[in-house]
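According to the working numbering, the residues represented by the sequence shown are 86 to 142, in order.
Where a beta carbon is used, it is the ideal one built from N, C-alpha and C, also for glycine.
Below: one structure, written as C-alpha cells.
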Amino acid sequence: MTETLFIIAFFVWYFLSLAVSENAGKKSRLGVEWTFFVSFLFSPITGWLLARWQGKK
86 MTETLFIIAF FVWYFLSLAV SENAGKKSRL GVEWTFFVSF LFSPITGWLL
136 ARWQGKK
C-alpha cells in the first residue's frame, strides 16, 4: 500500500513540476529547464515563485 502511494505522489509531483515549468518557465528568464529542475527538486510552488521572481524574458 505504501509503495502505491509513493508512486502516485511521485507522478503527481512530476506532472505538477512539468506544468509549472511549461507555464511559468516559458515567460521567465530562468527558462523551462531550470524551472523544472527547481520545481522537481524543491516543490512546484517554489519553482513557480522563483520563475515569477526572475521576471520576464
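Bounding residues of the alpha helix (DSSP H) (the contiguous stretch that carries residue i)
i, result
"phenylalanine 127", "Segment: none, phenylalanine 127 is in no alpha helix (DSSP H) and carries neither H nor E."
"serine 113", "Neither: serine 113 is in no alpha helix (DSSP H) and is coded neither H nor E."
Beta-carbon spacing of residue i, residue j below 8 Å
i, j, result
"proline 129", "leucine 101", "yes"
"lysine 141", "lysine 112", "yes"
"leucine 135", "valine 123", "yes"
"phenylalanine 96", "serine 106", "no"
"tyrosine 99", "phenylalanine 127", "no"
Integer Cβ distance of residue i from residue j, believed to fall under 8 Å
i, j, result
"alanine 109", "arginine 137", "6 Å"
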